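J.:
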Ligand SMILES: [Zn+2]
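Residue numbers (the numbering used here): 1 to 321.
1) Looking only at its chain, what residues have a beta carbon closer than 8 Å to the beta carbon of residue 164, apart from the 5 residues adjacent to it on each side?
2) For my contact list, residue 142 and residue 186 are in at a C-beta cut-off of 8 Å; report their separation, rounded to the angstrom.
3) Hey, is residue 169 close to ligand 1, as in C-beta under 7 Å from one of its heavy atoms?
4) Using only Cβ atoms and a threshold of 6 Å, which residues come within that distance of a heavy atom of ligand 1? Order them by chain position.
5) Assign residue 200 to buried or exposed, taking buried as 16 or more other Cβ atoms, counted over all protein chains shown, within 10 Å of its Cβ.
6) Distance, Cα to Cα, residue 265 vs residue 120?
7) Determine the direct distance from the alpha carbon of residue 77 to that of residue 260, and round the result to whole angstroms.
8) Across which residues does DSSP place residue 308 in a beta bridge pair?
9) Along the chain, where does the beta strand (DSSP E) containing residue 124 start, and where does it finish?
10) Please classify residue 30: is it buried, with 16 or more other beta-carbons within 10 angstroms of its beta-carbon, or exposed?
11) Check the C-beta distance from residue 170 over to residue 131 and give it rounded, since I have them as a contact under 8 Å.
12) DSSP puts residue 235 in a beta bridge; with which residues?
13) Checking 8 Å against the spacing of the C-beta atoms, do residue 153 and residue 147 come in under that value?
14) Is residue 110 buried or exposed, if buried means 16 or more other CB atoms sit within 10 Å of its CB?
15) Take residue 298 as the anchor and find which of 316, 124 and 307 has the nearest alpha-carbon.
16) Can you name the residues that DSSP bridges to residue 320?
17) Here's the rule: buried if 16 or more other CB atoms are within 10 angstroms of the residue's CB, otherwise exposed. What is residue 220?
18) Along the chain, which unbroken stretches of the beta strand (DSSP E) at least 3 residues long are found entirely within the segment 218-287?
19) Determine whether the beta carbon atoms of residue 100 and residue 225 lie at a separation below 8 Å.
20) Taking DSSP as the reference, what is the three-state secondary structure of residue 159?
21) Check this for me: beta carbons of residue 279 and residue 75, under 8 Å apart or not?
22) Run through DSSP, which three-state label would residue 148 get?
23) May I ask you to check if the CB of residue 54 is nearer than 7 Å to at least one heavy atom of ligand 2?
24) What separation, rounded to the nearest whole angstrom, lies between the Cα atoms of residue 149 and residue 319?
25) According to DSSP, is residue 78 helix, strand or coil?
Here is the structure:
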């Protein structure tokens with residue numbers, strides 16, 4: 001069955017959000033997990049028999065594609081392919097605001113994201129996974145906030161990834177075969193071109209452990225939307241700071257990287273599955289991410305345009321009741 005939540009006009013749109021808001025407040029702490037990733041994860045999940053496509057439109061346009069809704073180990077799960085069907089959205093064109101808003105609209109409260117990265121450290125070898133704990137944001141062409149003129153809100157960002165969800169992922173590594181690094185600093189670059197060698201060395205000197213193109217603003221927007229967010233980074237190569245073996249021509253090198261990504265995606269899928277199983281068994285707990293806006297709204301609430309409150313209702317509605 002295809003469930004179509006297409007908001008054709010404001011009345012229909014916000015009638016839908018009213019229903020969603022009720023759903024969200026009725027059972028906010030029960031895990032409802034959003035998984036954002038590439039086709040490696042999506043194909044495995046799409047093969048399940050109970051998958052439904054959920055089409056959601058948002059005030060920020062449509063997300064990258066339909067959400068794949070399923071019950072996985074007794075947990076409600078929504079998968080979203082970040083780069084869209086056929087990987088047609090480059091990192092700068094991914095509709096990050098719409099993606100996070102869509103997941104928020106269906107009641108997701110925890111996001112486990114995955115993404116391919118280049119390693120900036122010898123010890124993080126291709127095919128290793130990293131549960132990132134810090135990020136350096138170098139992106140500059142993307143809308144990185146839900147808040148614009150008329151509403152000033154400043155979330156805390158010192159710990160950019162949810163510590164509770166990171167703990168669940170790290171706990172799940174106990175039964176995992178692949179090497180999983182329990183922390184790492186992700187340098188988020190605009191792309192789509194890769195780094196120069198000078199930049200790659202600079203990122204290492206900054207303390208970066210990984211380089212990728214999609215973590216920001218995805219993680220920032222998730223925090224603004226009061227959703228727990230953690231990232232499983234999949235190392236595919238050593239970026240360009242480390243010279244490639246002279247024995248490999250560029251075609252062989254690309255094939256090697258694709259092989260690393262395939263195997264890392266399999267490992268990431270297994271790690272995320274173990275984590276979902278644990279989340280389903282654990283007692284639902286409240287996390288600080290889920291009240292990130294409590295002290296963050298600096299505008300005089302009486303001066304905020306009701307139209308903006310309406311637009312952002314799934315995110316800020318409870319602070320304006
Ligand atoms: Zn959290």
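We put the beta carbon where it would ideally sit given N, CA and C, even for glycine.
Predicted model, so just to flag it, every value in this text is computed and none were measured.
T.: Walking through what the data contain:
1) 228, 285, 287 and 289.
2) That belief does not hold up - the Cβ atoms of residue 142 and residue 186 are roughly 15 Å apart, past 8 Å.
3) no
4) 162, 164, 165, 228, 287 and 289
5) buried
6) 19 Å
7) 27 Å
8) BP columns for residue 308 are empty, so no partner.
9) That residue, residue 124, is in no beta strand (DSSP E); it is neither H nor E in DSSP.
10) exposed
11) Confirmed, Cβ separation roughly 6 Å.
12) 117
13) yes
14) Counting every other CB atom within 10 Å of its CB across the protein chains shown gives residue 110 a total of 16 or more, marking it as buried.
15) 316
16) Paired residues: none, contrary to the question.
17) buried
18) 228-237
19) yes
20) coil
21) yes
22) coil
23) With respect to ligand 2, the structure offers nothing, as its ligand set consists of ligand 1.
24) 18 Å
25) strand
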